[in-house]
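Protein chains in written order, with my numbering: chain A, -4 to 250; chain B, -4 to 250. We treat Cβ as the ideally placed atom computed from N, Cα and C, and that holds for glycine.
Here it is, written out as structure tokens:
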């Protein structure tokens, strides 16, 4: 089953479009591990997938530590995404992808800025072979995102200027990506990218809550999945917050 | 002591400008660890620093595994660089940098494409506080590097077009980077970047040997350090190959 289909089914089953980002602040490895599994078990009725980043991979290690969280997620029927933002040369990218997929991740994120040949091509090759997903960064959620993702580039084919994120969204179509990232703090960019991608490539949107993104404009602009981290993980009652956001998403989607 | 000074002293002491890239192919963790230390001990008279990438961090883990290699490098007096190509949002970048520096790395690589505010600013802050280095990607060694690093961007200040790598080299000056990466497979780009940076920011050049880069044009174009991986690590006699490349660099530098 393709990653896109797995995500679809999980979202249908759970009635949620929330991807939980387990981006926990620095702590002792044993506490990071137990807290991750605790949050996962508490919030799983309200989320459709889990995203992990270097906040866990570096202190816990990919094998052993992170694999225990992946195995919990699998037991709960949740797809897993490694947010590694791959942006190295091809032979290294291939090895990075192989290790993450072998550890059990269903998808990983990659930066289209490195290009195709000897860049992301090997990542897509490994993903296709192992039936996993690749999600491309198209526009990020932080303040300086405009410096790179928002810059205007010269298109040698048309001799016209074009926003970088439009070029990246077009690459997502050409390369057959399984998703794209567009920051929740820039709903107008979500709308523009959604116009390019239609329903072919779903938009994942991080940055809700603490980073400043609001649910309604993001959903209405065309984001399919909301990636929510600290607003859930740092809450006194993560399950309550997860349910609260899930319910807002539901209301926006029904309107 | 600053990272730049540490590199200077190491290069003087060893009479070598070669940074050994321990990018080993996929293998059992225990074999990766012993092979890394073996190569390091054999080649250390001919190298001035060691670079590590996800080829080791993912199978060995940062703490425990990779730290053993760092400790070997420290015993041999060699500075260490983590080639993590940081390109996430600020709060994640900060944590990534803290973990790598805490593990013992003297410097790490980062992608200027994410920009400054809530992008790489926290990385430079952590580096300054811990007296470590940040090396920025300016032009990579693979075929598709032209797609991103070689694209022309619109400069809103001058309304002129400018190559992406020129903008990145300028950021290296503004941000006070401790080094930049320019691929050995593109000596003409090394020359251009060197004209912008002069002696203020040293150029690290990966891609010698298996990737196609040749020593002489790279050194003559202005690269200060050559990052050499598989040409040494996959050789039957790594020390011999390291010495061989070191000697070519010496001859080019003296001419």
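Rounded to the nearest angstrom, how far is the Cβ of residue i from that of residue j, given a contact under 8 Å?
i	j	result
residue 75/A	residue 44/A	7 Å
residue 202/B	residue 225/B	Not confirmed; about 10 Å, so no contact.
residue 180/A	residue 155/A	Rounded, the Cβ-Cβ distance is 27 Å, inconsistent with contact.
residue 90/A	residue 50/B	5 Å
In chain order, what residues of the same chain lie with their CB nearer than 7 Å to the CB of residue i, ignoring the 5 residues before and after it?
i	result
residue 214/A	244, 247 and 248
residue 150/B	157
residue 94/B	57
residue 143/A	159
Could you pull out every residue in the same chain whose Cβ sits closer than 6 Å to the Cβ of residue i, ignoring the five residues on either side in sequence?
i	result
residue 65/A	75 and 99
residue 286/A	This structure leaves residue 286/A out entirely; chain A is present only between -4 and 250.
residue 211/B	247
residue 219/A	197 and 198
residue 125/B	96
residue 163/B	107 and 133
For residue i, which of the options has the nearest alpha-carbon?
i	options	result
residue 193/B	208/B, 217/B and 80/B	217/B
residue 104/B	227/B, 129/B and 159/B	129/B
residue 187/B	159/B, 171/B, 172/B and 232/B	159/B
residue -1/B	127/B, 8/B and 30/B	127/B
residue 16/A	1/A, 81/A, 33/A and 47/A	47/A
residue 227/B	26/B, 30/B and 25/B	30/B
residue 208/B	52/B, 137/B, 41/B and 102/B	137/B
residue 24/A	67/A, 180/A, 49/A and 54/A	54/A
residue 68/A	90/A, 39/A, 85/A and 112/A	39/A
residue 96/B	238/B, 119/B, 32/B and 174/B	119/B
What's the call for residue i, buried or exposed, on a 16-neighbour Cβ count within 10 Å?
i	result
residue 83/A	buried
residue 88/A	buried
residue -3/A	exposed
residue 189/A	buried
residue 178/B	buried
residue 153/B	exposed
residue 20/A	exposed
residue 18/A	buried
residue 184/A	buried
residue 173/B	buried
Taking the C-alpha atoms as reference points, what is the distance between residue i and residue j?
i	j	result
residue 10/A	residue 78/A	23 Å
residue 116/A	residue 167/A	12 Å
residue 263/A	residue 170/B	Lying before the first or after the last residue shown, residue 263/A is absent from chain A, which here runs from -4 to 250.
residue 161/B	residue 108/A	16 Å
residue 176/B	residue 182/B	12 Å
residue 123/A	residue 13/A	25 Å
residue 132/B	residue 235/A	42 Å
residue 121/B	residue 240/A	33 Å
residue 233/B	residue 92/B	31 Å
residue 1/B	residue 101/B	9 Å
residue 26/B	residue 110/A	33 Å
residue 148/B	residue 134/B	15 Å
residue 8/B	residue 41/B	10 Å
residue 222/B	residue 70/B	21 Å
residue 242/B	residue 52/A	40 Å
residue 32/B	residue 238/B	18 Å
residue 60/B	residue 59/A	13 Å
residue 85/B	residue 28/B	32 Å
residue 3/A	residue 200/A	16 Å
residue 112/B	residue 22/A	25 Å
Whose C-beta lies closer than 8 Å to the C-beta of residue i among residues of the same chain, with five residues either side of it excluded?
i	result
residue 5/B	43, 44, 72, 73 and 74
residue 62/A	98 and 99
residue 195/B	168
residue 165/B	191
residue 230/B	236
residue 80/A	104, 105, 106 and 132
residue 114/B	84, 85 and 88
Counting only Cβ pairs nearer than 9 Å, list the residues of chain C close to residue i.
i	result
residue 136/A	The structure shown has no chain C; the protein chains it does contain are A and B.
Within 6 Å: the Cβ of residue i and any heavy atom of the ligand NAD?
i	result
residue 132/A	This structure lacks the ligand NAD; in fact it carries no ligand of any kind.
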